[in-house]
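Since the structure comes first, as structure tokens, the remarks are kept for the end.
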Amino acid sequence: MTAPSGTEATVLDQSSARRLLGLWNEQQSAYVAHRDHRFEAMFDVLRLHCPDDLTVLDLACGPGAISDRLLAGFPRATAVAVDYDPILLRVARGALAGYGPRVEVHDVDLVTDGWAEAPAGRSVDAVLSSTALHWLSPAQLLHVYTTVARLLPAGGVLLNADHLRYDGSTPTLREIARRHDARVQQETFGSGALDYAAWYTEALRHPELAELAPERERRFADRPPQALAPLEFHLAALRAAGFAEVGTVWQYLDDYVVFARR
Ligand SMILES: C[S@@+](CC[C@H](N)C(=O)[O-])C[C@H]1O[C@@H](n2cnc3c(N)ncnc32)[C@H](O)[C@@H]1O
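The sequence shown begins at 10 in the working numbering and counts up by one.
As structure tokens, this is what we get:
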């Protein structure tokens, strides 16, 4: 696994990292109502389409939610997990350490060129991402999709799970989705899950993570939230990027898994 330069010596112990990954999964389930089901839909595509010994690139992996499920559920799979948040990268390294050489974690910024070198010559069968690419502007998203299309061999697939908000043409659906999100968050936080900000507060109780807070702040200082691109934009961008077949494999209100095959 590679680490941000100058920080290679410090690690978060595996048990603390696994605990933080568990708390992360709980808080993310407040924002994505059927998150486990969404992951299962993605993994069904892998089971039915990819070889058993597949290599997956986990794009914007956070603390390793996709890679953890993949490596546990596909005993012959390997994962290359990439992210830009130094705190989440350190949690991912600790949480995934038990999988040994089946996983690599890399520090990359998806808005810069060069991130596609992370697999270092390995042939990638699938690129998966969840609740992450909404950080990118439409132009950056198109660039990432184009880079993924170049990276994948013929038959390789991309699966992107994310909220793709309804636009003004479907105001009733947009309002239903908004109210559904609010209700799920109220219920999940009401039952004790941390919210996004509280998860970071909990993480920063570990000195090994607190020391990375200024670097995280610096890296994301100039990344304003983006307007969420609708489904139609994703499908058009994937076609323009060079994918042969695009569609959706899962939807719940405005939450989708978008599929593209080279
Ligand atoms: C909500 S988290 C999702 C993490 C994980 N995929 C999951 O579903 O639990 C969004 C992730 O996108 C990452 N991210 C945002 N912008 C990025 C960029 N330019 N390059 C790499 N990762 C980025 C963040 O650091 C964060 O880990």
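C-beta atoms are modelled at their ideal positions from N, C-alpha and C, and glycine is treated no differently. Please read these numbers as outputs of a predicted model, since none were measured by experiment.
Is residue i helix, strand or coil when you go by DSSP?
i: Q235; result: coil
i: R183; result: helix
i: H189; result: helix
i: H172; result: strand
i: A135; result: strand
i: A12; result: Bear in mind that a pLDDT of 46 at A12, under 50, signals an unreliable position, so the number given afterwards is only what the model happens to contain. In the structure shown, A12 sits in coil (DSSP, three-state: anything other than H, G, I, E or B).
i: E113; result: strand
i: L63; result: coil
i: L142; result: helix
i: L30; result: helix
i: L203; result: coil
i: L218; result: helix
For the beta strand (DSSP E) that contains residue i, what are its first and last residues?
i: G256; result: E254 to Y261
i: F52; result: Segment R44 to H58 is the alpha helix (DSSP H) holding F52; no beta strand (DSSP E) there.
i: F268; result: D264 to R270
i: R89; result: For the sequence presented, residue 89 should be read as Val rather than Arg. First-last of the beta strand (DSSP E) with V89: T87 to D92.
Excluding sequence positions up to five away, which residues of its chain have a Cβ less than 6 Å from the Cβ of residue i?
i: A230; result: none
i: L97; result: G71 and P72
i: A50; result: V258, W259 and V266
i: M10; result: Caution applies to M10, whose pLDDT of 47 falls short of 50 and renders its modelled position unreliable; the value that the coordinates give is listed next. So the qualifying residues of the chain are R102, E113 and V114.
i: D118; result: Y93
i: W124; result: V117
i: A202; result: E35, Q36 and A39
i: P84; result: none
i: E272; result: Within the shown structure, residues of the chain are numbered from 10 to 271, placing residue 272 beyond reach of any answer.
i: D22; result: none
i: L182; result: Y175
i: V120; result: Q149
i: T19; result: E217
i: D61; result: R85
i: V193; result: A42
i: L244; result: V255
Excluding five sequence neighbours on each side, which residues of the same chain lie with their C-beta closer than 8 Å to the C-beta of residue i?
i: L240; result: L173, T257, Y265 and V267
i: V65; result: L55, I75, S76, L79, A86, T87, A88, V89, V133, D134, A135, V136 and L137
i: S200; result: none
i: R47; result: V41, S139, A170, W259, Y261, D264 and V266
i: A104; result: Q23, A26, R27, L29, L30, P72, G73 and D77
i: F52; result: R78, L79, G82 and F83
i: R228; result: Y93, D94, P95 and D118
Can you give me the start and stop residues for the alpha helix (DSSP H) that residue i sits inside?
i: T2; result: The requested residue 2 is not part of the displayed model; the chain covers only 10 to 271.
i: L160; result: P147 to L160
i: T19; result: Careful: T19 lies outside any alpha helix (DSSP H) and carries neither H nor E.
i: V100; result: P95 to A104
i: D77; result: A74 to G82
i: H243; result: L240 to A250
Leaving aside the five residues before and after residue i along the sequence, list all residues of the same chain whose C-beta is less than 7 Å from its C-beta, in chain order.
i: R271; result: A158, L161, P162, A163, G164, G165, F252 and A253
i: T197; result: S38 and A39
i: A186; result: Y175, L262 and D263
i: R248; result: V255
i: H58; result: V166
i: L246; result: The sequence shown places Ala at residue 246, rather than the Leu named in the question. The residues are L150, L151 and Y154.
Which whole-angstrom value is the C-beta distance of residue i and residue j, which I expect to be below 8 Å?
i: W33; j: W208; result: 6 Å
i: L168; j: A250; result: At roughly 14 Å, the Cβ-Cβ gap does not stay under 8 Å, so L168 and A250 are not in contact.
i: V91; j: A141; result: At roughly 10 Å, the Cβ-Cβ gap does not stay under 8 Å, so V91 and A141 are not in contact.
i: A238; j: P147; result: 6 Å
i: A206; j: L213; result: Between L213 and A206 the Cβ distance is about 11 Å, and since that is not below 8 Å, they are no contact.
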